[in-house]
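Just so we're on the same page, the numbering used here is the position in the sequence shown counted from 1, plus 322.
Here the structure comes first, spelled out in structure tokens, and everything after it is commentary.
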Amino acid sequence: MTTTVDADDALYDAAYSAFDDGRLAEASALFARMLEGRPDAAELHYMRGLAHKYLRDWAVSLAHNLRALELDGFDEAAAWNAGIAATALGDWDCARRLWRECGIALPEGQGPIEGDFGLVSIRLNPWGAGETVWARRIDVVRARLLNVPLPESGYRFGDIVLHDGASTGGRRMGERTVPVFNALQRLQKSDFRTFVAFVSCDSADALEPLLEARAPGLGYVEDWTGSIAHYCLRCSHGTPHRHVDDEAPLPWKRDRSLGIAAQGRRTAEKLLRDWRRAGADRFVDGLEAVDAPIPEPDDGRVWWRGPEDDGTNEETEPETAAP
Numbered sequence: 323m324t325t326t327v328d329a330d331d332a333l334y335d336a337a338y339s340a341f342d343d344g345r346l347a348e349a350s351a352l353f354a355r356m357l358e359g360r361p362d363a364a365e366l367h368y369m370r371g372l373a374h375k376y377l378r379d380w381a382v383s384l385a386h387n388l389r390a391l392e393l394d395g396f397d398e399a400a401a402w403n404a405g406i407a408a409t410a411l412g413d414w415d416c417a418r419r420l421w422r423e424c425g426i427a428l429p430e431g432q433g434p435i436e437g438d439f440g441l442v443s444i445r446l447n448p449w450g451a452g453e454t455v456w457a458r459r460i461d462v463v464r465a466r467l468l469n470v471p472l473p474e475s476g477y478r479f480g481d482i483v484l485h486d487g488a489s490t491g492g493r494r495m496g497e498r499t500v501p502v503f504n505a506l507q508r509l510q511k512s513d514f515r516t517f518v519a520f521v522s523c524d525s526a527d528a529l530e531p532l533l534e535a536r537a538p539g540l541g542y543v544e545d546w547t548g549s550i551a552h553y554c555l556r557c558s559h560g561t562p563h564r565h566v567d568d569e570a571p572l573p574w575k576r577d578r579s580l581g582i583a584a585q586g587r588r589t590a591e592k593l594l595r596d597w598r599r600a601g602a603d604r605f606v607d608g609l610e611a612v613d614a615p616i617p618e619p620d621d622g623r624v625w626w627r628g629p630e631d632d633g634t635n636e637e638t639e640p641e642t643a644a645p
């Protein structure tokens, strides 16, 4: 984005300082004040649009990014941010136009984009615990969750989420690395609720029939005890980092915590009852239905940056193994 304002201007410095500190509402107000005197400054429209992207105020973000494009010609960053906002608002004509201008091939047609844009990892609530799960991109910036997220995330298996356009790291998937994108918000809530089951069995072979079960109203059964690992943020964002005992084999833990995505409690109960009856070494210790709200970001936290930018590499986040 072309700089069109005096970088020594005190208001300019205050606006950028507020943005860099994560004080987004304040930054937006300061950029708005500057635009009163410089309404044709593309940089200021871009920055106010960027602040409102992270505020998830999509109508304002779209308006300012489109104005920046009108004033300064095509700019990839502004076009992507406008495309994200248009997608969030369901303005499919605008979103399709912007993605094509960015050189992205799209499925033919009108309305929502429905395609296969590959497997990715999505960081849920990047302003909080930052759990990462696998997802299938159905759009340039929309993805359907393939794992059963932890209940406290507020997300569900099968949710369609809006994600940012810039990768914030990578995840190993077999022999390749796939990008990690920050989730911005849930666009479509799944019909599958999250149930937490506590079971015990003597071996992985005994657990396998439960994990492989298929039934009407059942989405997915995930062994959180075996699939969830905690990674330091340096590893999470793809920065090379060595850990002691990374390759050490883990002994089998008889007590397991499972995530079950099911449309109703009866489906989960029948699933567990049938599994328990099929083997003498199988026990069900409890089943809970957990519904939690999606946490909101706090003002003053710069959650969209990688940890190498702010020295927080020692924190950890849960990552779920590929389904």
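Glycine included, every Cβ here is placed at the ideal spot set by N, Cα and C.
Looking only at C-alpha atoms, which of the options sits nearest to residue i?
i	options	result
Ala488	Trp456, Ala526 and Ser443	Ser443
Glu641	Asp413, Phe605, Lys375 and Trp546	Trp546
Gln432	Arg418, Ile426 and Trp456	Arg418
Ala643	His485, Asp415, Ile426 and Glu453	Glu453
Leu609	Asp524, Arg595 and Tyr542	Arg595
Leu411	Leu388, Trp380, Ala385 and Gly425	Trp380
Asn504	Val470, Glu534, Leu533 and Ala457	Ala457
Val606	Ala451, Glu591, Asp342 and Val382	Glu591
Arg604	Ser525, Ala614 and His374	Ser525
Asp331	Trp414, Ile426 and Arg360	Arg360
Cys523	Glu534, Lys575 and Gly476	Lys575
Leu446	Asp335, Arg627 and Leu506	Leu506
Arg370	Cys416, Arg378 and His386	His386
Met495	Ala465, Ser339 and Val455	Val455
Gly476	Arg627, Asp613 and Tyr338	Asp613
Asp461	Arg627, Leu352, Trp414 and Glu358	Trp414
Ala347	Asp362, Asp335 and Leu372	Leu372
Ala602	Ala528, Arg627 and Ala611	Ala528
Phe439	Glu474, Val382 and Arg459	Arg459
Ser512	Glu497, Ala465, Gly548 and Leu533	Ala465
According to DSSP, which residues form a beta bridge with residue i?
i	result
Ile444	Val455 and Phe503
His367	Beta-bridge pairing links His367 to no other residue.
Tyr542	Ala583
Met495	Arg498
Thr490	Note: Thr490 sits in no beta bridge, so no partner.
Gly608	Phe520
Ala465	Arg459 and Val483
Arg508	Val483
Arg578	Val521
Arg291	For residue 291 there is no data in the structure shown, the boundaries of the chain being 323 and 645.
Kindly list the residues whose CB is nearer than 7 Å to the CB of residue i, restricted to its own chain and excluding five residues on each side of it in sequence; keep chain order.
i	result
Trp625	Pro448, Trp449 and Pro619
Gly492	Thr499, Val500, Pro501, Val502 and Gly560
Leu540	Ala584, Thr589 and Leu593
Gly586	Gly539
Phe514	Arg478, Phe479, Gly480, Gly541, Ala583, Ala584 and Gln585
Pro562	A caution first: Pro562 carries a pLDDT of 41, below 50, which makes its placement in the model unreliable, though a value can still be read off. Closer than 7 Å at Cβ, skipping near neighbours: no residue.
Asn403	Gly371, Leu372, Lys375, Ser383 and Asn387
Is residue j closer than 8 Å to residue i when the C-beta atoms are compared?
i	j	result
Ile550	Val463	no
Ala408	Leu420	yes
Glu441	Val500	The amino acid occupying residue 441 in the given sequence is Leu; Glu does not appear at that position. Their beta carbons are under 8 Å apart, which means Leu441 touches Val500 by this criterion.
Ile616	Arg508	yes
Leu468	Val483	no
Met646	Leu333	The first residue shown for the chain is 323 and the last is 645, placing residue 646 beyond what the model contains.
Val470	Tyr376	no
Arg510	Asp481	Per the sequence shown, the amino acid found at residue 510 is Gln instead of Arg. Contact: yes.
Ala349	Phe341	yes
Trp597	Pro531	yes
Between which residues of its own chain and residue i is the CB-CB distance below 6 Å, once the five residues before and five after are set aside?
i	result
Gly344	Gly622, Arg623 and Val624
Ala390	Ala364, His367, Tyr368 and Ala400
Closer than 8 Å by C-beta to residue i: which residues in its own chain qualify, once you throw out the five before and the five after it? Chain order, please.
i	result
Glu423	Phe396 and Ala401
Pro429	Ile435, Glu436 and Gly437
Arg599	none
- the region 508-523 / the region 576-588 touching (three or more Cβ pairs under 8 Å): yes
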